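**Student:**
Numbering (this note's numbering), first residue to last: 1 to 196.
(1) Put residue 162 into one of helix, strand or coil per three-state DSSP.
(2) Once you ignore the five residues that flank residue 150 on each side, which residues in its own chain have a CB closer than 7 angstroms to its CB?
(3) Quick one: give me the first and last residue of the alpha helix (DSSP H) that residue 121 is part of.
(4) Whose CA, out of 156, 104, 93 and 158, lies closest to the CA of residue 143?
(5) Alpha carbon to alpha carbon, how far is residue 90 from residue 167?
(6) Just list the alpha helix (DSSP H) runs in the segment 51 to 123, keeping only unbroken ones of 4 residues or longer that don't cross its boundaries, in chain order.
(7) When we look at the beta-carbon of residue 132 and count the other beta-carbons within 10 Å, is it buried (16 or more) or exposed?
(8) By Cβ distance below 7 angstroms, which residues in the same chain neighbour residue 18 in space, the five residues on each side in sequence not counted?
(9) Return helix, strand or coil for residue 234, following the three-state DSSP convention.
(10) If you draw a straight line from the alpha carbon of residue 156 to that of residue 79, how long is it in whole angstroms?
(11) Less than 8 angstroms between the beta carbons of residue 64 and residue 56, yes or no?
(12) Taking buried to mean at least 16 other C-beta atoms within 10 Å of its own C-beta, is residue 154 buried or exposed?
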């Protein structure tokens, strides 16, 4: 005979919408918060560069900028396995610091206006596409495209070529870069669930 204490009520499983719904929205919210934080850090780095650049010695300038950028790129790549949203945002922060680093180096070398434009644009065009593929990022791919008119302006100011010709050649070169494979995103999304 079965006692009432041995009987366990059967509880139906939760509906499928309730199982994964909250987790996706939390991941998306975490990605947006982390992205906002990265934007603020990027702004802080640019402000630091603009305000304190003359106070630091040459070696300290290069060391600080290279260390922060390298740590962000490498640290972000390693964090992706443990904290995907934070790792992705830190990786993007480091990658987006590279054109700012190029500008800082051009300023350090007291380069002219054309060289500064060229340094920023060429850094974006040459570095962002490989990082976009490595990180599975559409943001970095678009940053590479955004560098084309900047590089074209710099090369045009330097008298190397017509800005229109440089823009067309740069666009053709970036189109030749393979697109960021969707297989690198979990379920067709960037790390943390956001469509980056």
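In this text, a Cβ means the ideal position worked out from N, Cα and C, and glycines have one as well.
Because the structure is a prediction, the values reported are computed rather than measured.
**Tutor:** Let me lay it out:
(1) Numbered from 1 along the chain shown, position 162 holds the residue referred to as residue 162. Note: residue 162 maps to coil in three-state DSSP.
(2) Residue numbering aside, residue 150 sits at position 150 when the chain shown is read from its first letter. Once the five neighbours on either side are set aside, the close Cβ partners of residue 150 are 117, 120, 121 and 124.
(3) Sequence index remark: in the chain shown, residue 121 carries index 121 (1-based). 113 to 135 is the span of the alpha helix (DSSP H), which, as asked, contains residue 121.
(4) For the purposes of this step, residue 143 is taken as residue 143 along the chain shown, with counting starting at 1. Residue 93 is the option with its Cα nearest to residue 143.
(5) For this step, residue 90 is matched to residue 90 along the chain shown. For this step, residue 167 is matched to residue 167 along the chain shown. For residue 90 and residue 167, the distance between alpha carbons rounds to 30 angstroms.
(6) 58 to 79 and 84 to 108
(7) The residue labelled residue 132 in the question sits at position 132 within the chain shown. Residue 132 is buried by the Cβ-count criterion.
(8) The residue labelled residue 18 in the question sits at position 18 within the chain shown. Unreliable positioning characterises residue 18 in this predicted model, as indicated by a pLDDT of 48, which lies under 50. A coordinate reading is not provided.
(9) There is simply no residue 234 to check, as the chain begins at 1 and stops at 196 in what is shown.
(10) On the chain shown, position 156 is the one that residue 156 refers to. On the chain shown, position 79 is the one that residue 79 refers to. Between residue 156 and residue 79, the C-alpha separation is close to 40 angstroms.
(11) Locating residue 64 in the chain shown gives position 64, counting from the first residue. Locating residue 56 in the chain shown gives position 56, counting from the first residue. Going by C-beta atoms, residue 64 is nearer than 8 angstroms to residue 56.
(12) Residue 154 sits at position 154 when you count from the first residue of the chain shown. Per the 10 Å Cβ criterion, buried.
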